[in-house]
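Residue numbers (numbering that gives the first Met the number 0): 0 to 313.
From the three backbone atoms N, C-alpha and C, an ideal C-beta is built for every residue, glycine too.
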Amino acid sequence: MAKRYRRLRGDTAYYPFAARTGLRARQRRHARWLRFGGVAALALAAALLIRQTVFNGGQPAPPAPDSGTAVLTATAESGRVTVAPLAATRDALAQTDAADAAARQTPETAATPAPGQTDGVLPQYRALYEQNPDIVGWLRIDGTDIDLPVVQTPGDNEYYLRRGFDGLYATGGTLFLDERCSLSQDSPTDNWLIYGHNMADGSMFGQLTRYREKDFWQEHPTFTFDTLYETGTWQVVAAVDTVLGADSLPYYTFFDAGTKLEWQQRVDAITELSLYDTGVTPEYDQQLLTLSTCGDTSVATDTRFALLAVRVED
0 MAKRYRRLRG
10 DTAYYPFAAR
20 TGLRARQRRH
30 ARWLRFGGVA
40 ALALAAALLI
50 RQTVFNGGQP
60 APPAPDSGTA
70 VLTATAESGR
80 VTVAPLAATR
90 DALAQTDAAD
100 AAARQTPETA
110 ATPAPGQTDG
120 VLPQYRALYE
130 QNPDIVGWLR
140 IDGTDIDLPV
150 VQTPGDNEYY
160 LRRGFDGLYA
170 TGGTLFLDER
180 CSLSQDSPTD
190 NWLIYGHNMA
200 DGSMFGQLTR
210 YREKDFWQEH
220 PTFTFDTLYE
230 TGTWQVVAAV
240 DTVLGADSLP
250 YYTFFDAGTK
260 LEWQQRVDAI
270 TELSLYDTGV
280 TPEYDQQLLT
290 LSTCGDTSVA
300 TDTRFALLAV
310 RVED
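Written out as structure tokens, the structure reads:
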């Protein structure tokens, strides 16, 4: 019977009544499942939207700055601040061969204390560390909504790619430090690389691309990134637009350099791509920081925008 009436529509007069009744029953069940799925999808989308907008994607509120922390600011008139290099950064030439080999391996999270132990953690970050021991620092850029925690998960580098600081699903994820970076005060990697989504609503690193404009850089030549143990002010060196695989020495593979020559080659490869001249030239013994996000996703998904900065004296 199925073959005989295969080409007949269910509402035709020649279609057997029993077959027509069964077909309509299946259609009603199918419609109910579609309605149920649609309602569930709308409820999930609404929940994610509320979480992203009302609850900031699971991100915590910015901590109150410690009263003893000095803040370095710059005005539009000054263009950029003139500062001295931070003397406490690592001199790679003084390391032994064994230390160089160890630095090229995947390091552990930078001297993270055991859960519940906050000795040495800055007062303003102790509560956040108690809430989530994956936190390694806090990034704040004036003129943007970037005032967010930074996490790190060695062994599962992209754990927070779609998770909020609270560990629950979030479309914007959380800013995270590459697992190959070490914030250790004794042996930090030469370059710290922080990733974040370029969100269309401007959250996470959605406003980092404002640094494409030279005027914005002139008004905000510095920003702050604090580790759990010390505050840090950073001066912008270069703003870069690139495409994955297009560069011989891409910024996203630069974590440590074995020699001063290699370090200089890496820095030059980034600064040569800069969208404008900042006039800032890092020195070999200064700590570097790179902020990375997607570029113009409307053109291609493999575009990247990065901001290279150097640590300076507070």
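> Sorted by chain position, which residues of the same chain lie with C-beta nearer than 6 Å to Pro61's C-beta, five sequence neighbours on each side aside?
Replying inline: Asp146
> Near Pro148, what residues of its chain come up, given a Cβ to Cβ distance below 6 Å and the 5 sequence neighbours on each side ignored?
Replying inline: Ile134, Trp137 and Phe164
>> Let me check understanding here. Comparing Cα to Cα, which of Asp185, Asp144, Gln58 and Val235 lies closest to Pro220?
In response: Val235
> Shortest alpha-carbon distance to Asn197 belongs to which of Leu272, Asp214 and Gly294?
Replying inline: Gly294
> Can you check whether the CB of Thr223 is closer than 8 Å to the CB of Trp233?
Replying inline: yes
> Under 8 Å, do Gly171 and Met203 count as touching if we go by C-beta distance?
Replying inline: yes
> Is Phe204 helix, strand or coil when you go by DSSP?
Replying inline: coil
>> Between which residues of its own chain and Arg162 is the CB-CB distance below 7 Å, once the five residues before and five after are set aside?
In response: Tyr168, Ala169, Gly172 and Thr173
>> Measuring straight from C-alpha to C-alpha, what distance separates Asp189 and Tyr250?
In response: 12 Å
>> Quick check on Tyr275: does DSSP put it in helix, strand or coil?
In response: coil
> Across which residues does DSSP place Pro148 in a beta bridge pair?
Replying inline: Trp137
> Can you give the Cα-Cα distance for Leu33 and Leu41, rounded to whole angstroms?
Replying inline: 12 Å
> Which residue from Thr143, Arg310, Val239 and Thr117 puts its Cα closest to that of Arg303?
Replying inline: Val239
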